[in-house]
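Chains U and Z, in that order, give the protein sequences.
When you line the first sequence up against this note's numbering, it's residues -19 to 177, in that order.
When you line the second sequence up against this note's numbering, it's residues -19 to 177, in that order.
Glycine included, C-beta positions come from ideal geometry on N, C-alpha and C.
2 protein chains.
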Amino acid sequence: MPRVTEEYRVARRREIADAALRAFRRKGFQATSMAEIISESGLSAGAIYGHYKSKADIVLDVATTVVGSRIVDLERLAAADPMPPPARIVRVLMDGMVRELGSPGIMVQLWGEAVTDPVIKKLATGVLGRLRDAYVAYISLWHQREHGVSPSTAEGIAAEQVYLFVAAAQGYILHSALMPGFDSESYLTSIEKNLPS
Amino acid sequence: MPRVTEEYRVARRREIADAALRAFRRKGFQATSMAEIISESGLSAGAIYGHYKSKADIVLDVATTVVGSRIVDLERLAAADPMPPPARIVRVLMDGMVRELGSPGIMVQLWGEAVTDPVIKKLATGVLGRLRDAYVAYISLWHQREHGVSPSTAEGIAAEQVYLFVAAAQGYILHSALMPGFDSESYLTSIEKNLPS
DNA sequence: GTCTATAGTAGGATAGAC
DNA sequence: GTCTATCCTACTATAGAC
């Protein structure tokens, strides 16, 4: 027997999550204190802890949403005809991530936090796993469509190549966050040229 | 006019740095408190702050040493005949890193911290830059030796390929830190098979 | 230089009134 | 559900005696 309607609860959570994302965009995840999320949301500590049980819980919600969008990106591209080559996908994913997250630095902080915080680690592992699976599916489908290979051999190729594609995306994020004056365009063209197809 | 001999000072710093590295190996960088470094070293807070001005200063010293070892690895391999192919280098670097650091998680935490801490960021940027340069030099030399191309074209190839090689190493570190049951051997063989040569 | 003791600070989370 | 006020814990760094 809920004390408020389900609708209300969902709307409030979204409101809080959006405020948190705005705060994270400015200062990253670790450096953003609960006080800042509270201030950004215009609510109070009590109100927020009534909807989320911890800061990690908020991060989890925000990140899950963002990753969901990337999966949707991949599915949309998989439905296109002709499908862009797998190497081209890195660019699309990175564009989407930067657009939504503002700065790739947040991802790096998330990874760092995951090393010690079990809740965040579970999140990061899930994220990485889901994206990897979606990427495998994409590569496999692409090989079937463009090179006409059988589903099983396409699957084999995809499983073997996916590590490098994922690493290319991770490398983009790291370079972008850590190297001042990082030239994203030359990174992406270099990647697209040297990744297998 | 130093109050103690230079030798003594250097030895003490090394002693502290070694203790810090042992502590970092267990719990990573962020999660290791000064109290733990103090306890591990058998010294006191006062003693340590007499030799390092902050915790970040200790991390900087430790990390610089570790990275120096990777550069030495690369130089040693560059002197071998025949030189191992560039794709093979990822494995060597990762082996050395894991041996010295115990866990790749420390690197991930370092990256995360770099996003907000200017001192650590400068360190991470420098590390990445030095390794990248050493890698470029290696790839370039390898193409000259093994494919007999001119130095200038070899340099061009190296500059274009290096991003992907570095990303492969970073991907190894991230997967290793975040994916439970990560199969490092299949990662490395997959990388070696799909990286350009 | 090194020790003990502690100052100083920041941030996540809760209690209790409304 | 939400607010204000505050507790509590954790941790870096310093002060002052030896």
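Under the 8 angstroms criterion on CB atoms, Thr96/Z is classed as interfacial with respect to chain U. For the options Gly161/U, Ser164/U, Thr133/U, Leu144/U, the alpha carbon positioned closest to that of Ser166/Z is the one of Leu144/U.
Relative to Tyr(-12)/Z, the option among Leu158/Z, Gly92/Z, Gly30/Z, Ser83/Z whose CA is nearest is Gly30/Z.
Here the C-alpha atom of Thr105/Z lies approximately 6 angstroms from the C-alpha atom of Met159/U. When C-beta atoms of the segment 12 to 30 of chain Z are compared with those of the segment -12 to 0 of chain Z, three or more pairs fall below 8 angstroms, so the two segments count as touching. At the C-beta level, Ile38/U and Ala11/U stay beyond 8 angstroms of one another. In the three-state reduction of the DSSP assignment, Phe4/U falls in the helix class, which pools H, G and I.
Along the segment 77 to 95 of chain Z, going in chain order, the ones with a CB nearer than 7 angstroms to a CB of chain U are Gly85, Val88, Gln89, Trp91, Gly92, Glu93, Ala94, Val95.
Around the Cβ of Val142/U, a 10 Å sphere holds 16 or more other Cβ atoms; the residue is buried.
Looking from the CA of Leu90/Z, the closest CA among Lys101/Z, Glu80/Z, Asn174/Z belongs to Lys101/Z.
Chain order gives no chain Z residues near Ile100/U, where near means a beta carbon separation below 7 angstroms; the closest approach is about 10 angstroms.
Of the candidates Asp41/Z, His123/Z, Ile51/Z, Pro62/Z, Ile51/Z places its Cα closest to the Cα of Met74/Z.
Within chain Z, the residues placing a beta-carbon under 7 angstroms from that of Met159/U are Thr105, Leu108, ordered along the chain. For the segment -8 to 16 of chain Z, residues whose beta-carbon sits nearer than 8 angstroms to a beta-carbon of chain U comprise Lys7, Gly8, Gln10, Ala11. With contacts defined as CB atoms closer than 8 angstroms, Glu16/U and Ala3/U qualify as a contacting pair.
A distance below 8 angstroms between beta-carbons, with the five flanking residues on each side excluded, links Ala157/Z to the following residues of its chain, in chain order: Ser83, Pro84, Gly85, Met87, Val88.
For the C-beta of Tyr167/U, the chain Z residues within less than 7 angstroms are, from N- to C-terminus, Tyr143. Sequence-distant partners of Gly8/U (beyond 5 residues in either direction) whose C-beta falls short of 8 angstroms from its own C-beta, in its chain, are Ser83, Gly85, Ile86, Gln89. Within the segment 43 to 67 of chain U, no beta strand (DSSP E) run of at least 3 residues lies entirely inside it. Listed along chain U are Glu140, each with a C-beta nearer than 8 angstroms to that of Lys173/Z.
The straight-line gap separating the alpha-carbon atoms of Val129/Z and Tyr115/Z is approximately 18 angstroms.
In the displayed model, Thr105/Z falls within a helix according to three-state DSSP. Within chain U, the residues whose beta carbon sits less than 7 angstroms from that of Val146/Z are Gly151, listed in sequence order.
Within the segment 135 to 166 of chain Z, no complete alpha helix (DSSP H) segment of 4 residues or longer occurs.
Judged by DSSP secondary structure, Val129/U falls outside any alpha helix (DSSP H); it is assigned neither H nor E.
Per DSSP, Val88/U is one residue of the alpha helix (DSSP H) stretching across 85 to 96.
In this structure, the straight-line span from the alpha carbon of Ala149/Z to that of Val107/U is close to 20 angstroms. About 28 angstroms separates the Cβ atoms of Gly76/U and Ser34/U, ruling out a contact at the 8 angstroms cut-off. Rounded to the nearest whole angstrom, the CA to CA distance from Tyr118/U to Leu54/U is 7 angstroms. In the three-state DSSP reduction, Leu175/U falls in the coil class, being neither helix nor strand. Between Ile171/Z and Val70/Z, the C-beta gap is smaller than 8 angstroms, which places the two residues in contact. When only Cα atoms are considered, Ala0/Z and Asp163/Z end up about 29 angstroms apart. The C-beta of Ser21/U has 16 or more other C-beta atoms within 10 Å across all chains shown, which makes the residue buried.
Annotated three-state conformation of Val(-16)/Z is coil, per DSSP. Ala139/Z sits away from Gln124/Z, with the two beta carbons spaced by 8 angstroms or more.
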